[in-house]
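First up is the structure itself, then whatever we jot down about it.
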Amino acid sequence: MLVIGAGGAGLRAAVEALKQDVKVLIVTKSLLGKAHTVMAEGGIAASLGNMDKEDNWKVHFADTYVEGVYLGDWRFSEKLAKDAPARVLELEEYGALFDRNTDGKILQRAFGAHTYRRLCHVGDKTGLELIRTLQDKVIHSNASFLEEIMITKIISDGRKVKGAIGLDLKTGEFYSISAKGIVLASGGLGRIYKVTSNSWESTGDGLSLAFEAGAELMDLEMVQFHPTGMIWPPAIRGLLVTEGVRGDGGLLYNTKGERFMLRYSPQKKELDARDVVARSIYREIMEGRGTEHGGVYLDISYKGAKFILEKLPSMYMQYKEFSGVDITKEKMEVAPTTHYHMGGIKVDAETNQTVVSGLFAAGEAATGLHGANRLGGNSLADLLVFGKRTGEEAAKFVKNAKLSRIDDSEASAEVDRVLSFLQVKDPVNPYEVFEKLRETMSSNVGIWRNEEGLNKALAEIAELKKLGKRVGVSGSTKFNPGLVTALEVQGLLNIAEMLVTAARERKESRGAHYRQDYPDLKKEWRKNIVFTRKEDGSFSMRFDPVPELPPELKALLSKEEQENV
Amino acid sequence: MSDKVTISIKRSDPSKGEAPHFVDYEVPTQEGMVVLDAVHYIENNIDPTLSVRWNCKAARCGSCSAEVNGLPRLMCKTRVDKMGSKISIEPMRAYPVVKDLVTNVSHNWEIAKRIPPFTPKPGLPKPWKMAAIDITRSKEFRTCIECFLCQDVCHVIREHESNYLGPKHMVKVAALDMHPLDSIDRAGFLHTDGGVGFCNITKCCQNVCPEGIHITDNAIIPEKERVVNEFYDPIGILLHRRKKK
Ligand SMILES: Cc1cc2nc3c(=O)[nH]c(=O)nc-3n(C[C@H](O)[C@H](O)[C@H](O)COP(=O)(O)OP(=O)(O)OC[C@H]3O[C@@H](n4cnc5c(N)ncnc54)[C@H](O)[C@@H]3O)c2cc1C
Ligand code: SF4
Ligand code: SF4
Ligand code: FES
């Protein structure tokens, strides 16, 4: 079994598969322990009820489903809410050391749109603890892992996987890895935008790998903009300011000193869902009540230095080192930043398998759980819950599957494709294409979208695709960042085209997708937009109705919410 | 601040027999720019084959370790305006170079495998309970981002001649030993396989840790004391006595 990606989802899947005694190989584009998950700050959502006894899986389910604006698949959100507490306690038994409450139980913090205090955390370094714990498990197991291997192709016959081809960045050599089953846990695509909280490797590789292999993509238009990213100085623009700041009491102000969230969301205020807070901040800035750098203020200083240093050490360091601001005394300047992709690879709700037999997906790369908006803390919970489930299902599959080896001809065709980037005459610089793509995504497919902007983005992407054909780099295959970018950009252009197409198609506003020209939620749009690859490599689009909620789950929603589904 | 800076990078490709040599690049500066930004500028605009390892650009992942003006630093956490008008960047010295600024740090996994893993006390009632105060010591060590800068400056590691784990791994051992519900004693391991006797508490590691972990004071010395109590390590005995006075 091949696991692509060593973030929380990939590692958790590997740990589970190992329990079933299957042979596991983990490959990662970065070093083990460095995956994007390491950056996660605020916590893992699980209804342990350690702080608020009233909490239980039903409330967690309803919060997740409603804030996803009825676009998620209940089969995922139900599993998430039910399994998360056990997965967190299990992680603790694997060695993770969570912050404690006065009863000695796991401390849980408040987070946006979670009814109760629900996020189990380790200061503001929860992702680090999660990754280390799982990484230790893997190191002390008989799993093999290969670091700094970039998978460039998944080989399948369109119906069944055979394995994958990868480039070893350290040596410049290629691997042909035949596998009975593959778990894709390759993370998100935040770097398709100019301002993002995401790390280097979040370039959506997994989405194009899966699509090219015959899998379907869904909800691509649903991109989460986190309300609070750093904005000054320019070099660090986009760096995340954890929601934990607001969870622990941080307040938002405009330059008039007005606590504007009272106006936009009198009930939930600063702790409303991310799309609501991000749009509110954006509106303040667009209407001229923002700072000179184009942000608003976030203030936690009134909580005092002791509290801040204990609860938010990374935030303190981040502002001190990068902007010279002492957040125990001064306000932070913040603006929205691209953060998370709710859309991704469509998988079966029981097995996390794609329509390609033997190809599974989990974590941010997969879709179906979060709908139109993801709640904070639900991603780490997703990694644990569906990482485990996927590992289990994939292992079961592998035990009954037969290995079909990758043909030499298939392998060499892919090697030739990769090498061709080194032989382009008069090459176009891949960074140039990447930057232009990010530019157009940020200006036209951001928090506020409209027909005109989306059309413009599509036209520009079409131009960039032409330019993309001439992309090339000098040097060798060994640790050549230009070559890596060239490969990433090819995939991203296709994904961007589908993403923007879906955003143009969805003529309504729902969750993270906000259309200035269609500002209302429309019931008839309670559909998922699904993309399938056609024989010639182009895509076709389909609209699937969202699976109907069974009555017992529907009953968990309020009367008003029941109207909407 | 001047609007340009000279970045001098030690480049090499050992597999091609290319010897290490410094190449100078002129880079325009921007407010708040960090050294990693300057390296990216070169990569994106001057030479896309320049190899550098990075991931988060937020001082979270520990990928971008290098020696900046001879100081072991995270490139993404080192501001250009604090380093002068000519900045040299070299790969970490304790590890073999893969290419340019990228080194092979995989040996650390072999060391990590040797450390006895977390082993909870048997039969604990579930869910586990721990007092907040009891986890504070272990928590300090869990902020380690595995940047290996402490390993890089440790003379014992640089000399490659002992079985000493090195400071990063001592931090790991301490994180496990100080977990309130862990059940095993790693003193025996440290004394023999861990080679802890080779550390002569120079504190060089502690001074470079970007996470500010008190590696020597809070991890190594207490661990050495445990070893002393069981195995009489000479440096440790001295320490132990001094402390007792
Ligand atoms: C700053 C920040 C803070 C966050 N805080 C929280 C939080 O508090 N709570 C929460 O729930 N969520 C949080 N999130 C979201 C969450 O961290 C991510 O969604 C989650 O970590 C994704 O995990 P993953 O396992 O799916 O993928 P990732 O962690 O992104 O890992 C992807 C893996 O795939 C590998 N890979 C990618 N492409 C290839 C390829 N072509 N070949 C080989 N390998 C490849 C990568 O090397 C990596 O190992 C945060 C996100 C950010 C950016
Ligand atoms: S204190 Fe010990 S571990 Fe740290 S640098 Fe000195 S010899 Fe190495
Ligand atoms: S202890 Fe500090 S210096 Fe050493 S690897 Fe960890 S974070 Fe880096
Ligand atoms: S890039 Fe992650 S620590 Fe510098």
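The listed protein sequences derive, respectively, from chains A and B.
Take this note's numbering: the final residue in the first sequence is number 565, and no numbers are missing along the way.
Take this note's numbering: the final residue in the second sequence is number 810, and no numbers are missing along the way.
Backbone N, C-alpha and C fix where the C-beta goes; we use that ideal spot for every residue, glycine too.
- Quick one: what does DSSP say L426(A) is sitting in, helix, strand or coil? One-based indexing of the first sequence puts residue 426(A) at position 426. Correcting the residue type first, residue 426(A) is Asp in the shown sequence and not Leu. Coil, per DSSP.
- Query: Is the shortest distance between the beta-carbon of M566(B) and the beta-carbons of chain A less than 8 Å?
  - Reply: Walking along the second sequence from the start, residue 566(B) turns up at place 1. Annotation note: pLDDT 48 at M566(B) (below 50); position unreliable, no value reported.
- Query: Mind checking whether the beta-carbon of L714(B) lies closer than 7 Å to any heavy atom of ligand 3?
  - Reply: As a first step, residue 714(B) must be located in the second sequence, where it is residue number 149. Relative to ligand 3, L714(B) has its C-beta within less than 7 Å of a heavy atom.
- Message: Can you give me the C-alpha to C-alpha distance between H226(A) and R751(B), rounded to a whole angstrom?
- Response: Locating residue 226(A) in the first sequence gives position 226, counting from the first residue. Locating residue 751(B) in the second sequence gives position 186, counting from the first residue. Near 43 Å, if we compare the C-alpha coordinates of R751(B) and H226(A).
- Query: Does DSSP put Q267(A) in a helix, a strand or coil?
  - Reply: Taking the first sequence and counting its residues from 1, the one referred to as residue 267(A) is at position 267. It is coil, neither helix nor strand.
- Query: Ends of the beta strand (DSSP E) at P545(A)?
  - Reply: On the first sequence, residue 545(A) is found 545 positions in, with the first residue counted as 1. First-last of the beta strand (DSSP E) with P545(A): 539-545.
- Item | Spatial distance of K569(B) from P787(B) (CA atoms) | Residue mapping note: residue 569(B) aligns to position 4 of the second sequence, counting from 1. Residue mapping note: residue 787(B) aligns to position 222 of the second sequence, counting from 1. So the alpha carbons of these two residues sit roughly 47 Å apart.
- Query: Given that D136(A) touches chain C, what residues does it touch there, using C-beta distances under 8 Å?
  - Reply: Of the protein chains in the structure, A and B, none is chain C.
- Query: Cβ-heavy atom distance between K329(A) and ligand 4 below 7 Å?
  - Reply: Residue numbering aside, residue 329(A) sits at position 329 when the first sequence is read from its first letter. False, no ligand heavy atom lies under 7 Å from that Cβ.
- Are the C-beta of H341(A) and some C-beta of chain B separated by less than 8 Å? Position 341 of the first sequence, counted from the first residue, corresponds to residue 341(A). It does not; no Cβ of chain B falls within 8 Å.
- Determine the direct distance from the alpha carbon of G597(B) to that of K425(A), and round the result to whole angstroms. Along the first sequence, one-based indexing puts residue 425(A) at 425. Along the second sequence, one-based indexing puts residue 597(B) at 32. Distance from the CA of K425(A) to the CA of G597(B), rounded to the nearest whole angstrom, comes to 37 Å.
- Query: By how many angstroms is the C-alpha of H370(A) removed from the C-alpha of V445(A)?
  - Reply: The count along the first sequence starts at 1 and reaches residue 445(A) at position 445. The count along the first sequence starts at 1 and reaches residue 370(A) at position 370. Each residue's alpha carbon lies about 20 Å from the other.
- What residues in the segment 431-447 of chain A have a beta carbon less than 7 Å from any beta carbon of chain B? Y431
- Are the segment 645-653 of chain B and the segment 587-604 of chain B touching, with three or more C-beta to C-beta distances below 8 Å? yes
- Item | Meets three-Cβ-pair contact criterion under 8 Å: the segment 188-201 of chain A and the segment 395-408 of chain A | no
- Task: Would you kindly work out how many angstroms separate the C-alpha atoms of P481(A) and T171(A), rounded to a whole number?
- Result: Residue numbering aside, residue 481(A) sits at position 481 when the first sequence is read from its first letter. Residue numbering aside, residue 171(A) sits at position 171 when the first sequence is read from its first letter. Each residue's Cα considered, the two are about 13 Å apart.
- Message: Just list the residues that DSSP pairs I572(B) with in beta bridges.
- Response: Start at 1 with the first residue of the second sequence, and residue 572(B) comes out as number 7. Looking at the DSSP assignment, I572(B) forms a beta bridge with Y590(B), I652(B).
- Excluding the five sequence neighbours on either side, which residues of its own chain have a C-beta within less than 7 Å of the C-beta of R707(B), listed in chain order? What you label residue 707(B) is simply residue 142 of the second sequence in a count that begins at 1. Result list for R707(B): A740, in chain order.
- Between V530(A), I131(A), S47(A), A81(A), which lies nearest to R12(A) when the distance is taken from Cα to Cα? Position 12 of the first sequence holds residue 12(A). Comparing Cα positions, the closest option is I131(A).
- Task: Check distances from the C-beta atoms of the segment 232-248 of chain A to those of chain B and list, in chain order, the residues that come in under 8 Å.
- Result: W232, P233, P234, A235, I236, L239, L240
- Message: Here's the rule I'm using: 16 or more other beta-carbon atoms within 10 Å means buried, otherwise exposed. How should R638(B) be labelled?
- Response: Residue mapping note: residue 638(B) aligns to position 73 of the second sequence, counting from 1. Buried, by the Cβ-count rule.
- Task: Identify whether R533(A) lies in helix, strand or coil by the three-state DSSP scheme.
- Result: Within the first sequence, the letter at position 533 stands for residue 533(A). Reduced to three states, the DSSP call for R533(A) is strand.
- For K647(B), which beta-bridge partners are listed by DSSP? Taking the second sequence and counting its residues from 1, the one referred to as residue 647(B) is at position 82. According to DSSP, K647(B) bridges with nothing at all.
- Do you know offhand how far E705(B)'s Cα is from R618(B)'s? Taking the second sequence and counting its residues from 1, the one referred to as residue 705(B) is at position 140. Taking the second sequence and counting its residues from 1, the one referred to as residue 618(B) is at position 53. Taking the straight line from one Cα to the other gives about 26 Å.
- Message: I'd like to know if K686(B) contacts chain A, where contact means its C-beta is closer than 8 Å to some C-beta of that chain.
- Response: Here residue 686(B) refers to the residue found at position 121 of the second sequence. No, its Cβ sits nowhere closer than 8 Å to a Cβ of chain A.
- Query: Taking a cut of 7 Å between CB atoms, which residues from the segment 167-200 of chain A lie near chain B?
  - Reply: Correct list: K170, S199, W200.
- Query: Where do the N-terminal and C-terminal ends of the beta strand (DSSP E) with S630(B) fall, by residue?
  - Reply: For this step, residue 630(B) is matched to residue 65 along the second sequence. S630(B) -> beta strand (DSSP E) spans 630-633.
- Message: When you compare the CB positions of L483(A) and L437(A), do they come within less than 8 Å of one another, or not?
- Response: As a first step, residue 483(A) is located in the first sequence; it is residue number 483 there, counting from the start. As a first step, residue 437(A) is located in the first sequence; it is residue number 437 there, counting from the start. Contact: no.
- Task: Alpha carbon to alpha carbon, how far is I461(A) from A496(A)? Give it in angstroms, no decimals.
- Result: Sequence index remark: in the first sequence, residue 496(A) carries index 496 (1-based). Sequence index remark: in the first sequence, residue 461(A) carries index 461 (1-based). A496(A) and I461(A): Cα-Cα distance of roughly 8 Å.
- Determine the extent of the beta strand (DSSP E) in which E333(A) is found, giving its start and end residues. For the purposes of this step, residue 333(A) is taken as the residue at position 333 of the first sequence. Note, E333(A): beta strand (DSSP E), 332-341.
- Query: Does the distance from the C-beta atom of I710(B) to that of C626(B) stay below 8 Å?
  - Reply: What you label residue 710(B) is simply residue 145 of the second sequence in a count that begins at 1. What you label residue 626(B) is simply residue 61 of the second sequence in a count that begins at 1. Taking 8 Å as the Cβ cut-off, I710(B) and C626(B) qualify as a contacting pair.
- Item | Chain-ordered neighbours of S412(A) on chain B, where CB pairs are closer than 8 Å | Taking the first residue of the first sequence as 1, we reach residue 412(A) at position 412. Chain B residues near S412(A): none, gap ~23 Å exceeds 8 Å.
- Item | Whether K53(A) touches K694(B) by CB criterion (8 Å) | The residue labelled residue 53(A) in the question sits at position 53 within the first sequence. The residue labelled residue 694(B) in the question sits at position 129 within the second sequence. Their beta carbons are not under 8 Å apart, which means K53(A) does not touch K694(B) by this criterion.
- Query: chain A beta carbons: is any one of them nearer than 8 Å to that of R807(B)?
  - Reply: Position 242 of the second sequence, counted from the start, is the residue given in the question as residue 807(B). Since pLDDT at R807(B) reaches only 49, below the 50 mark, its modelled position is unreliable, and the value read off the structure follows with that caveat. For R807(B), the answer is no, since every Cβ of chain A falls outside 8 Å of its Cβ.
- Ignore the nearest five residues each way along the sequence and tell me which others in R289(A)'s own chain have a CB closer than 8 Å to its CB. For the purposes of this step, residue 289(A) is taken as the residue at position 289 of the first sequence. The answer, listed in chain order, is N254, T255, K256, E258, F260, V296.
- Message: If I measure Cβ to Cβ from I327(A) and keep anything under 7 Å in the same chain, skipping five residues before and after, which residues do I get?
- Response: If you number the first sequence from 1, residue 327(A) lands on position 327. So the list reads I300, S301, I308, M315, Y316, Y319, once near-sequence residues are dropped.
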